[in-house]
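**Student:**
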Amino acid sequence: MNRFFANKGKRLLSALPFLLIPGVASAAAGPTPAAIAADTIWTVVAAVLVMFMQAGFAFLEAGLTRAKSAGHIAVKNIVIFSIASLVFWAVGFAVCFGTGNAIFGTSGWGLAVSDKDINTVFSSLSFSDIPLAAKYLFEVVFCAVSLAIVWGGMAERTKFIVYLVFGVVFSAAIYPVVGHWIWGGGWLSTLGMQDFAGSTVVHLQGASAALAGAILLGPRIGKYTKDGKSNAIVGHNIPFVVLGT
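Sequential numbering of the sequence shown, starting at 170, is according to the working numbering.
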């Protein structure tokens, strides 16, 4: 009896490679349209969820600042997100992911690329077959998240026009250049650096820019008296902070 089962087991094991052949052939042929559609839907859903982080940042920033700044912060987040989306579409995406040199990308401006050239122009994103528009949407929301981190460190420290100008520069040159170094095949990528979730490209870069802005701009007006004593500037709405967190 044991010999019978042993022989059956050997036959099953010998047939296993042949059972795997259809799967290997399917993988070699590339993903099916259904798989690409599923990947696209998931990517778009994930991007929309990340987009809602803008609301969280707005609640957090407004709650931790004075009541008079709440409206300014809400409008700023909406306007800056819109501007960052346009700038990243026109310039930033190409600088970040376009084929170029070790420092920045030099191709694919405004996503003006034919379907047959997408994997050549954006070779760093060729691992996925989802539409280019979905890739852009997923990447632009992370650029906006990094920018929102900057605003948290510069809250109540500067005028609205400064936010607009810095948002353009950050979305066109600062964020995309560092992104290209790591995600776009740049010099850090060739050294083996990997950033799967954006801890460096998104969060560390945003925090570094926020720190630089806070140091450059100095304390908020009213933080210190003429004799150098510190005044507590208490946030006006703790429920907003909880919602944003």
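Glycine included, every Cβ here is placed at the ideal spot set by N, Cα and C.
Looking at the unbroken alpha helix (DSSP H) that takes in Ala379, where does it start and where does it end?
**Tutor:** Per DSSP, Ala379 belongs to the alpha helix (DSSP H) from 374-386.
**Student:** Within this structure, are the beta carbons of Thr234 and Gly413 separated by less than 8 Å?
**Tutor:** It is not a contact, given that the beta carbons lie outside the stated cut-off.
**Student:** Please identify the residue among Leu301, Gly261, Val411, Ala379 whose C-alpha is closest to the C-alpha of Thr327.
**Tutor:** The candidate whose alpha carbon is nearest that of Thr327 is Ala379.
**Student:** Tell me, which residues are paired with Ser399 by DSSP?
**Tutor:** For Ser399, which the question treats as bridged, DSSP gives the partners Tyr393.
**Student:** Helix, strand or coil for Gly466? Go by DSSP, reduced to three states.
**Tutor:** No information on residue 466 is available, as it lies outside the stretch 170 to 414 that the chain covers here.
**Student:** Might you give, ordered along the chain, the residues of its own chain that have their beta carbon closer than 7 Å to the beta carbon of Val219, omitting 5 neighbours on each side?
**Tutor:** So the list reads Val310, Phe311, Val314, once near-sequence residues are dropped.
**Student:** If I'm right that Ile249 touches Tyr332 with Cβ under 8 Å, what's the distance once you round it to whole angstroms?
**Tutor:** That pair is a contact at about 6 Å.
**Student:** With Phe273 and Val214 assumed to form a contact (beta carbons below 8 Å), what rounded beta-carbon distance in angstroms separates them?
**Tutor:** No, Phe273 and Val214 are not in contact; Cβ-Cβ is about 30 Å, not under 8 Å.
**Student:** Between Gly279 and Ala259, how many whole angstroms is the CB-CB distance? I'm expecting something under 8 Å.
**Tutor:** Rounded, the Cβ-Cβ distance is 5 Å, consistent with contact.
**Student:** For Ile242, count the other beta carbons within 10 Å of its own beta carbon; 16 or more makes it buried, fewer makes it exposed. Which is it?
**Tutor:** Under this definition Ile242 is a buried residue.
**Student:** Can you tell me whether Gly192 is buried or exposed? The criterion is at least 16 other CB atoms within 10 Å of its CB, across all chains shown.
**Tutor:** Caution applies to Gly192, whose pLDDT of 43 falls short of 50 and renders its modelled position unreliable; the model cannot decide the point.
**Student:** Which word fits Gly375, buried or exposed, when buried means at least 16 other C-beta atoms lie within 10 angstroms of its C-beta?
**Tutor:** Buried.
**Student:** Measure the CB-CB distance between Ala216 and Leu306 and report whether it falls below 8 Å.
**Tutor:** Yes, they are a contact pair.
**Student:** Measuring only the C-alpha atoms, how far is Ser340 from Leu386?
**Tutor:** So the two alpha carbons sit approximately 21 Å from each other.
**Student:** How is the alpha helix (DSSP H) around Lys231 delimited, first residue to last?
**Tutor:** At residue 231 the sequence reads Ala, which differs from the Lys that was named. Start and end: 222-232.
**Student:** Which residues bound the alpha helix (DSSP H) around Gly240?
**Tutor:** Element bounds for Gly240: 239-256.
**Student:** Applying the 10 Å Cβ sphere with the 16-neighbour rule, what's the burial state of Val290?
**Tutor:** When all chains shown are included, Val290 counts as buried.
**Student:** What's the call for Ala303, buried or exposed, on a 16-neighbour Cβ count within 10 Å?
**Tutor:** It counts as buried.
**Student:** Leaving out the 5 sequence neighbours to the left and right, which residues in its chain are closer than 6 Å to Ser293 when beta-carbon positions are compared?
**Tutor:** Excluding residues within five positions, the ones whose Cβ falls inside 6 Å are Phe266, Gly353, Gly354.
**Student:** Take Gly397 and list the residues in its own chain whose beta-carbon comes closer than 7 Å to its own, dropping the five residues that flank it on each side.
**Tutor:** There are no such residues.
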